[in-house]
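Written below as structure tokens is the structure these notes are about.
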Amino acid sequence: MKILVTGSAGFIGSTLVLRLLERGDEVIGIDNLNDYYDVNLKLARLARTKAYPRFVEIRASLEDRTAIEQAFKTHQPQRVVNLAAQAGVRYSLENPRAYVDSNVVGFLNILEGCRHYGVESLVYASTSSVYGANTRMPFSVHDNVDHPLSLYAATKKANELMAHTYSHLYNLPTVGLRFFTVYGPWGRPDMALFLFTRNILAGQPIDVFNYGNHRRDFTYVDDIVEGVTRALDKVPEPNPAWSGDAPDSATSLAPYRLYNIGSHRPVELLRYIEVLEQCLGRTAKKNLLPLQKGDVPDTYADVQALIDDVGYQPSTPIEEGVARFVEWYRTYYQV
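According to the numbering used here, the sequence shown holds residues 1299 to 1633 in order.
Following this line, the structure appears as structure tokens:
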């Protein structure tokens, strides 16, 4: 297929692009290579695509309406995966406008491109952060998610609502994937595993929020990409059993689906750190801190719907996934 992937220089996006190229798809990658974190890391991820002539790179921001429309018009993709976004819960407290520009205005440009250029299906990134103040575990896509705790989460909830509108009005099949704490090689430097590894190797203390009492549904990047690929290959259909009298938020009379995509195995943060210490052969100095504003204590994904519909089966335990990350980190940074 010819597939447009936004965020193609990102952590998940670059890994997905390689998977699609390896199986023979033609990929158009869009990324603006912003400086939210190390641009050289983004360039190094992109460099892995050089061996594939079926990859086309476009440097553009999602909010650049003209550039996005031109990409759809020129390349006529059959399917689209929208992974580009301004990420990060904590940064949304400092720079809220960046989230509206990229995640709301930018997503509208993607929806319009899909609508006007006959895209067969759109898969887009949502987040576990939409569960916000919810406390019932595991988090289910059938639960109400109207109490976000950060603007980042609010923009992703907005994406789900916008996607449903386009599915309803224009019969555009859309699939929203709520990612749960993705980690692995080529990961983001602002995420915990990266920060912990850097500081432990440098002999510096690590900041452990909520006094280490977090539980996270840590999900290895290859498992995530397998799930994204399966969702991309299965075009959603309307749910004929859907009823407005008892509305299911995960499906619709329109061709619309929402899924959790996680490991379904929540791990305590202190256990995660312990595994990292074992892989590094070092003991961390821990700076125990209270829960940060906008953060949630626990995440735990109910992924049964994704298992039932596309055969998703996450299989990488944290012991294996963290070891692979450490091996990559030592090689990439020559530590």
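For every residue, glycine included, the Cβ atom is placed at its ideal position computed from N, Cα and C.
From a predicted model like this one, the values you see are computed outputs, not experimental measurements.
Give every residue of the same chain whose Cβ lies closer than 6 Å to the Cβ of residue i, excluding the five residues on either side of it in the sequence, and list them in chain order.
| i | result |
| --- | --- |
| asparagine 1380 | Thr1304, Ile1408, Tyr1422 |
| valine 1337 | Leu1331 |
| valine 1573 | Ile1616, Glu1617, Val1620 |
| threonine 1313 | Val1519, Val1523 |
| serine 1419 | Arg1377, Pro1471, Val1533 |
| valine 1513 | Looking at the sequence shown, residue 1513 is not valine but arginine. Same-chain partners within the cutoff: Pro1564, Glu1566, Asp1596. |
| threonine 1581 | Glu1575 |
| valine 1354 | Ile1326 |
Should residue i go down as buried or exposed, given a rule of 16 or more other Cβ atoms within 10 Å for buried?
| i | result |
| --- | --- |
| leucine 1578 | buried |
| glutamine 1384 | buried |
| valine 1633 | exposed |
| alanine 1539 | exposed |
| serine 1426 | buried |
| lysine 1340 | buried |
| serine 1541 | exposed |
| proline 1503 | exposed |
| glycine 1638 | The structure shown does not extend to residue 1638, since the chain is modelled only from 1299 to 1633, so the question has no answer here. |
| glycine 1501 | exposed |
| proline 1351 | exposed |
| glycine 1327 | buried |
| arginine 1395 | exposed |
| asparagine 1401 | buried |
| tyrosine 1598 | buried |
| threonine 1479 | buried |
| histidine 1629 | Residue 1629 is actually threonine in this sequence, not histidine. Burial call: exposed. |
| tyrosine 1554 | buried |
| tyrosine 1464 | buried |
Between residue i and the rest of its own chain, which residues show a CB-CB distance below 8 Å, the 5 nearest in sequence each way excluded?
| i | result |
| --- | --- |
| valine 1506 | Leu1567, Leu1568, Ile1571, Lys1584, Asn1585, Leu1586, Leu1587 |
| phenylalanine 1477 | Ile1310, Ala1423, Ser1424, Thr1425, Ser1426, Thr1517, Ile1522, Ile1559, Gly1560 |
| valine 1428 | Val1443, Pro1446, Ala1451, Lys1454, Lys1455, Glu1458, Arg1476 |
| arginine 1346 | Ser1312, Leu1316 |
| aspartate 1600 | Pro1436, Phe1437, Ser1438, Val1439, Asn1558, His1562 |
| glycine 1485 | Phe1309, Leu1491, Phe1492, Val1519, Phe1623 |
Can you grab the Cα-Cα spacing for the pair residue i / residue j, in whole Å?
| i | j | result |
| --- | --- | --- |
| glycine 1411 | threonine 1614 | 36 Å |
| aspartate 1654 | glutamine 1576 | Because residue 1654 is not part of the residues shown, which for the chain are 1299 to 1633, the question remains open. |
| methionine 1435 | histidine 1562 | 11 Å |
| valine 1526 | proline 1612 | 12 Å |
| glycine 1417 | tyrosine 1468 | For clarity, residue 1417 is valine in the given sequence; the question names glycine instead. About 11 Å. |
| aspartate 1488 | leucine 1318 | 26 Å |
| tyrosine 1627 | arginine 1343 | 13 Å |
| valine 1403 | glutamate 1361 | 6 Å |
| phenylalanine 1623 | aspartate 1607 | 30 Å |
| glycine 1308 | isoleucine 1605 | 26 Å |
| tyrosine 1335 | alanine 1544 | 44 Å |
| arginine 1357 | alanine 1365 | 9 Å |
| phenylalanine 1370 | histidine 1462 | 21 Å |
| methionine 1635 | histidine 1414 | Since the first residue of the chain shown is 1299 and the last is 1633, residue 1635 is not available in this structure. |
By Cβ distance below 7 Å, which residues in the same chain neighbour residue i in space, the five residues on each side in sequence not counted?
| i | result |
| --- | --- |
| arginine 1388 | Gln1590, Gly1592 |
| valine 1398 | Thr1453 |
| arginine 1528 | Val1608, Gly1609, Tyr1610 |
Is the stretch 1432-1452 close to the stretch 1592-1603, with three or more CB pairs under 8 Å?
By the Cβ test, the stretch 1432-1452 is in contact with the stretch 1592-1603, since at least three Cβ pairs between them sit closer than 8 Å.
What residue ranges within the stretch 1317-1392 form continuous alpha helix (DSSP H) runs of no fewer than 4 residues, ordered along the chain?
Listed in chain order, the alpha helix (DSSP H) elements of length 4 or more contained wholly in the stretch 1317-1392 are 1337-1345, 1363-1373, 1389-1392.
Unbroken alpha helix (DSSP H) runs of length 4 or more, entirely within the stretch 1535-1591: which are they?
Taken in chain order, the whole alpha helix (DSSP H) runs of length 4 or more contained in the stretch 1535-1591 are 1567-1578.
Where in the stretch 1473-1507 do unbroken runs of the beta strand (DSSP E), each at least 3 residues long, occur, reported from the N-terminal end onward?
List check, beta strand (DSSP E) in window: 1504-1506.
Which runs of the beta strand (DSSP E) at least 3 residues long sit entirely within the stretch 1378-1461? Give them in chain order.
Within the stretch 1378-1461, the complete beta strand (DSSP E) runs of at least 3 residues are 1419-1425.
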